[in-house]
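399 is the number of the first residue of the sequence shown in our numbering; add one for each residue after it.
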Amino acid sequence: LLVTEAGAGLCDGHARVFSLFLNTESLNSGFTLYLEDINAGKALTSFKGLKGKASGRLHGKLKMSLRNSGEIRLRDAFLYSVPGEKGHLQLSDSSAITDNLALAGIDESQRDNVSHALSDLEYSVLRLDLSRIDDNNAALGIRLEGTAGGEDLSVPVVLNLTLRGDINQLINTGLNLSGKMKGKQ
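Here is the structure:
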(Lines of atoms letter the chains of each structure in order from A; the text may use other names.)
(Lines give C-alpha, C1' and ligand atoms only; values in the text may rest on other atoms or scores of the structure.)
Protein backbone atom coordinates (compact mmCIF):
# COMPACT_ATOMS: atom_id res chain seq x y z
CA LEU A 399 0.00 0.00 0.00
CA LEU A 400 1.42 3.41 -0.93
CA VAL A 401 -0.06 6.85 -0.24
CA THR A 402 1.80 9.61 -2.06
CA GLU A 403 0.43 12.51 0.00
CA ALA A 404 -2.05 13.12 2.81
CA GLY A 405 -2.57 15.94 5.28
CA ALA A 406 -4.45 17.00 8.36
CA GLY A 407 -4.65 19.85 10.82
CA LEU A 408 -2.33 19.61 13.82
CA CYS A 409 -1.80 22.10 16.67
CA ASP A 410 -3.42 24.93 14.65
CA GLY A 411 -1.04 24.16 11.75
CA HIS A 412 -0.69 21.45 9.15
CA ALA A 413 0.86 18.00 9.10
CA ARG A 414 1.51 16.47 5.70
CA VAL A 415 2.57 12.88 5.15
CA PHE A 416 4.49 11.98 2.01
CA SER A 417 5.42 8.56 0.67
CA LEU A 418 3.54 6.55 3.27
CA PHE A 419 4.05 2.85 2.63
CA LEU A 420 2.60 -0.17 4.37
CA ASN A 421 3.71 -3.75 3.79
CA THR A 422 0.49 -5.63 4.52
CA GLU A 423 2.31 -8.94 5.12
CA SER A 424 4.85 -7.69 7.68
CA LEU A 425 2.85 -4.62 8.84
CA ASN A 426 6.00 -2.52 8.53
CA SER A 427 5.46 1.06 7.40
CA GLY A 428 7.28 4.32 6.95
CA PHE A 429 6.71 7.91 5.94
CA THR A 430 8.04 11.44 5.87
CA LEU A 431 6.08 13.97 7.92
CA TYR A 432 6.25 17.71 7.24
CA LEU A 433 4.99 20.10 9.90
CA GLU A 434 3.98 23.62 8.91
CA ASP A 435 2.92 26.57 11.03
CA ILE A 436 2.51 24.52 14.23
CA ASN A 437 1.44 26.40 17.37
CA ALA A 438 4.42 26.07 19.75
CA GLY A 439 2.19 26.17 22.84
CA LYS A 440 0.00 23.31 21.67
CA ALA A 441 3.07 21.32 20.60
CA LEU A 442 4.64 21.83 24.04
CA THR A 443 1.65 20.23 25.78
CA SER A 444 2.22 17.02 23.79
CA PHE A 445 5.68 16.48 25.33
CA LYS A 446 5.48 14.62 28.61
CA GLY A 447 7.65 16.14 31.30
CA LEU A 448 7.53 19.69 29.92
CA LYS A 449 5.01 21.89 31.70
CA GLY A 450 4.37 25.48 30.81
CA LYS A 451 3.30 27.82 28.03
CA ALA A 452 4.77 28.80 24.70
CA SER A 453 3.95 31.02 21.76
CA GLY A 454 5.34 31.15 18.26
CA ARG A 455 5.13 29.01 15.14
CA LEU A 456 7.18 25.93 14.27
CA HIS A 457 8.05 24.03 11.10
CA GLY A 458 9.77 20.71 10.67
CA LYS A 459 10.40 17.42 8.95
CA LEU A 460 10.47 13.90 10.40
CA LYS A 461 11.27 10.57 8.75
CA MET A 462 9.78 7.67 10.65
CA SER A 463 9.23 3.95 10.26
CA LEU A 464 7.08 1.61 12.32
CA ARG A 465 7.86 -2.08 12.70
CA ASN A 466 5.45 -4.94 13.33
CA SER A 467 7.19 -5.41 16.69
CA GLY A 468 5.86 -2.00 17.75
CA GLU A 469 9.26 -0.34 17.41
CA ILE A 470 9.31 3.23 16.16
CA ARG A 471 12.46 4.18 14.28
CA LEU A 472 13.27 7.84 13.74
CA ARG A 473 15.72 9.06 11.17
CA ASP A 474 17.01 12.57 10.63
CA ALA A 475 14.47 15.15 11.78
CA PHE A 476 14.25 18.83 12.64
CA LEU A 477 11.83 21.32 14.15
CA TYR A 478 12.52 25.07 14.09
CA SER A 479 10.98 28.45 14.73
CA VAL A 480 10.44 30.80 11.81
CA PRO A 481 13.58 32.92 11.25
CA GLY A 482 12.94 36.54 12.21
CA GLU A 483 9.85 35.78 14.28
CA LYS A 484 9.92 35.78 18.07
CA GLY A 485 8.16 33.45 20.45
CA HIS A 486 7.83 33.13 24.19
CA LEU A 487 8.65 30.12 26.35
CA GLN A 488 7.60 29.82 30.01
CA LEU A 489 8.38 26.42 31.52
CA SER A 490 6.95 26.01 35.01
CA ASP A 491 8.84 22.73 35.38
CA SER A 492 12.05 22.22 33.42
CA SER A 493 13.22 19.16 35.39
CA ALA A 494 12.97 16.98 32.27
CA ILE A 495 15.81 19.09 30.84
CA THR A 496 17.78 19.85 34.00
CA ASP A 497 17.73 16.21 35.13
CA ASN A 498 19.41 15.24 31.86
CA LEU A 499 21.94 18.02 32.37
CA ALA A 500 22.69 16.60 35.83
CA LEU A 501 23.30 13.17 34.29
CA ALA A 502 25.73 14.84 31.88
CA GLY A 503 27.71 16.27 34.80
CA ILE A 504 26.57 19.90 34.54
CA ASP A 505 26.88 21.56 37.95
CA GLU A 506 23.84 22.70 39.91
CA SER A 507 24.42 26.47 39.47
CA GLN A 508 24.43 26.11 35.69
CA ARG A 509 21.32 23.90 35.79
CA ASP A 510 19.63 26.56 37.93
CA ASN A 511 20.56 29.22 35.35
CA VAL A 512 19.04 27.10 32.57
CA SER A 513 15.89 26.50 34.62
CA HIS A 514 15.54 30.21 35.40
CA ALA A 515 16.08 31.22 31.76
CA LEU A 516 13.46 28.71 30.55
CA SER A 517 10.92 30.04 33.03
CA ASP A 518 10.56 33.29 31.07
CA LEU A 519 12.33 33.38 27.70
CA GLU A 520 11.57 35.40 24.61
CA TYR A 521 13.26 33.39 21.87
CA SER A 522 14.34 34.35 18.38
CA VAL A 523 15.79 30.90 17.58
CA LEU A 524 14.35 27.57 18.67
CA ARG A 525 15.69 24.55 16.82
CA LEU A 526 15.71 20.81 17.47
CA ASP A 527 17.78 18.52 15.24
CA LEU A 528 17.82 14.74 15.45
CA SER A 529 20.51 12.96 13.46
CA ARG A 530 21.57 9.33 13.33
CA ILE A 531 25.11 8.53 14.45
CA ASP A 532 24.81 4.78 13.71
CA ASP A 533 22.12 2.08 13.87
CA ASN A 534 21.75 2.35 17.64
CA ASN A 535 22.65 5.93 18.50
CA ALA A 536 21.47 9.37 17.61
CA ALA A 537 22.22 12.95 18.55
CA LEU A 538 19.53 15.44 19.53
CA GLY A 539 20.71 19.01 19.14
CA ILE A 540 18.83 21.78 20.94
CA ARG A 541 19.51 25.40 20.07
CA LEU A 542 17.78 28.26 21.81
CA GLU A 543 18.58 31.97 21.54
CA GLY A 544 16.75 34.89 23.06
CA THR A 545 16.45 37.03 26.16
CA ALA A 546 15.33 36.00 29.63
CA GLY A 547 14.20 37.97 32.62
CA GLY A 548 11.56 40.49 31.76
CA GLU A 549 11.19 44.25 31.66
CA ASP A 550 13.40 45.08 34.66
CA LEU A 551 16.39 42.93 33.73
CA SER A 552 16.94 41.35 30.34
CA VAL A 553 19.72 38.77 29.99
CA PRO A 554 20.83 37.33 26.63
CA VAL A 555 20.51 33.54 26.44
CA VAL A 556 22.26 31.15 24.07
CA LEU A 557 21.77 27.46 24.75
CA ASN A 558 23.41 24.87 22.50
CA LEU A 559 22.96 21.38 23.82
CA THR A 560 23.58 18.01 22.18
CA LEU A 561 22.28 14.83 23.78
CA ARG A 562 23.69 11.57 22.46
CA GLY A 563 22.38 8.08 23.06
CA ASP A 564 19.85 5.47 22.04
CA ILE A 565 16.98 7.85 21.29
CA ASN A 566 14.82 5.06 19.82
CA GLN A 567 15.02 3.05 23.03
CA LEU A 568 13.90 6.07 25.08
CA ILE A 569 10.98 6.77 22.76
CA ASN A 570 9.89 3.12 22.50
CA THR A 571 10.16 2.62 26.28
CA GLY A 572 8.00 5.70 26.85
CA LEU A 573 5.40 4.48 24.38
CA ASN A 574 5.37 1.00 25.87
CA LEU A 575 4.92 2.39 29.40
CA SER A 576 2.12 4.72 28.33
CA GLY A 577 0.44 1.83 26.51
CA LYS A 578 0.68 -0.37 29.61
CA MET A 579 -0.68 2.43 31.79
CA LYS A 580 -3.69 2.85 29.49
CA GLY A 581 -4.37 -0.88 29.77
CA LYS A 582 -4.46 -0.64 33.59
CA GLN A 583 -6.96 2.21 33.70
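In this text, a Cβ means the ideal position worked out from N, Cα and C, and glycines have one as well. Source: prediction; values computed, not measured.
{"Asked": "Touching by the beta-carbon criterion (3+ pairs, under 8 Å), the segment 466-485 and the segment 523-530", "Found": "yes"}
{"Asked": "Contact set for Leu460: own chain, Cβ-Cβ below 6 Å, skip 5 residues either direction", "Found": "Leu431, Ala475"}
{"Asked": "Gly458, buried or exposed, once every other Cβ within 10 Å from all chains shown has been counted against 16", "Found": "buried"}
{"Asked": "Contact under 8 Å by Cβ, Leu399 with Ala413", "Found": "no"}
{"Asked": "Straight-line Cα distance separating Glu520 from Asp410", "Found": "21 Å"}
{"Asked": "Chain-order list of residues whose beta-carbon lies under 8 Å from that of Ser427 (same chain, five-residue window excluded)", "Found": "Leu418, Phe419, Leu420, Asn421, Ser463, Leu464"}
{"Asked": "Helix, strand or coil at Lys440 [DSSP, three-state]", "Found": "helix"}
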